[in-house]
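K.L.:
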Amino acid sequence: MMKKCKESKSDFYLALLNYRNTPVAGLDVSPSQILMSRMLRSTMPCTAEMLEPKVVENVRDKLLENKQKVEKYYNNTAHERPPFQPGDNVVIQNWPNRTWSPAKVLQSQGPRSYVLQTDTGNTVRRNSSHVRKSKHHCNVLPDHSENVTEVDPCTSAVAEPCNNEAGYVTRSGHSINKPIRLKDYVL
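Numbering (UniProt numbering), first residue to last: 1 to 187.
Structure below.
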């Protein structure tokens with residue numbers, strides 16, 4: 001609310017007064033009526049009768065009733081997700097591109113954390129919010145880490161950027177061309 005007032009260059013205290021005069025969702029009374037039993041005088045036109053004190057009854061009961069109503073509707077559809085068992089076929093969400101890839105549950109680590117093996121053979125740990133059950137089988141590659149031999153690092157030649165008139169292509173694949181107005185100059 002403070003940001004909005006700053007952006008629109010309006011009075012913050014007037015906005016706060018209007019907020020306190022606005023009825024609460026689910027009730028027919030505003031916070032000022034709950035606290036002081038009357039509306040506050042603001043720039044909004046109102047009759048003198050509206051500014052007279054009237055004691056508001058059963059506010060707590062109404063708020064509690066609204067809370068229980070919301071809770072009831074939430075609990076109608078909410079349920080706990082059953083835990084994954086070792087050997088279950090699942091799909092996991094990868095970051096940062098948010099793609100889903102198949103995996104198999106190896107073990108559970110805590111109430112919502114699982115160690116999984118992807119179809120490429122990597123072992124990853126994910127929260128249950130990033131794991132979903134899958135009907136498809138995950139073809140996990142066997143782990144051959146003990147059979148890996150030490151390989152000399154290969155030296156690859158770095159491609160030199162070509163200085164032709166057509167321009168060059170960046171690593172991401174964008175084609176960079178010199179502006180036509182600079183064709184007479186050596187860059």
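Glycine included, each C-beta is placed from N, C-alpha and C at the ideal position.
Is the stretch 114-122 close to the stretch 98-105, with three or more CB pairs under 8 Å?
P.N.:
Yes: at least three Cβ pairs fall under 8 Å.
K.L.:
Contact between the stretch 36-56 and the stretch 83-91 is defined here as three or more beta-carbon pairs at a separation below 8 Å; is this criterion met?
P.N.:
Because the criterion of three Cβ pairs below 8 Å is not met, the stretch 36-56 and the stretch 83-91 do not touch.
K.L.:
Specify the secondary structure class of Y168 as computed by DSSP and reduced to three states.
P.N.:
Three-state result, Y168: strand.
K.L.:
Taking K135 as part of the beta strand (DSSP E), name the residues at either end of that continuous run.
P.N.:
Run containing K135: none; DSSP gives neither H nor E here.
K.L.:
May I ask you to list the residues that DSSP assigns as paired with P102?
P.N.:
In the DSSP output, where bridge partners are listed per residue, P102 has V91.
K.L.:
In whole angstroms, what separates the C-alpha of N58 from that of L64?
P.N.:
The alpha-carbon atoms of N58 and L64 are separated by roughly 10 Å.
K.L.:
State the beta-bridge partners of N97 as determined by DSSP.
P.N.:
For N97, which the question treats as bridged, DSSP gives no partner whatsoever.
K.L.:
Between which two residues does the alpha helix (DSSP H) carrying L16 extend?
P.N.:
L16 -> alpha helix (DSSP H) spans 12-21.
K.L.:
DSSP has N127 in a bridge; who is on the other side?
P.N.:
Paired residues: S113.
K.L.:
Suppose contacts are defined by Cβ-Cβ distances below 8 Å. Is Q33 in contact with V70 by that definition?
P.N.:
No, Cβ-Cβ distance for Q33 and V70 is not below 8 Å.
K.L.:
In angstroms, rounded to a whole number, what distance separates the CA positions of V169 and P179?
P.N.:
Each residue's Cα considered, the two are about 15 Å apart.
K.L.:
Taking only the alpha-carbon atoms, compute the straight-line gap between R125 and S134 and give it to the nearest angstrom.
P.N.:
Roughly 17 Å separates the two Cα atoms.
K.L.:
Are the beta-carbon atoms of S30 and R20 separated by less than 8 Å?
P.N.:
Going by C-beta atoms, S30 is nearer than 8 Å to R20.
K.L.:
Between which two residues does the alpha helix (DSSP H) holding V59 run?
P.N.:
59-77 is the extent of the alpha helix (DSSP H) around V59.
K.L.:
Pull up the CB-CB distance for R112 and N127, whole angstroms please, since I reckon it's below 8 Å.
P.N.:
Indeed, because the Cβ distance is near 6 Å, the residues count as touching under 8 Å.
K.L.:
Looking at the strands, I want to know which residues DSSP matches up with S32.
P.N.:
In the DSSP output, where bridge partners are listed per residue, S32 has none listed.
K.L.:
Enumerate in chain order the residues of its own chain whose CB-to-CB distance from T123 is below 6 Å, with the five nearest sequence positions on each side excluded.
P.N.:
Result list for T123: Q117, in chain order.
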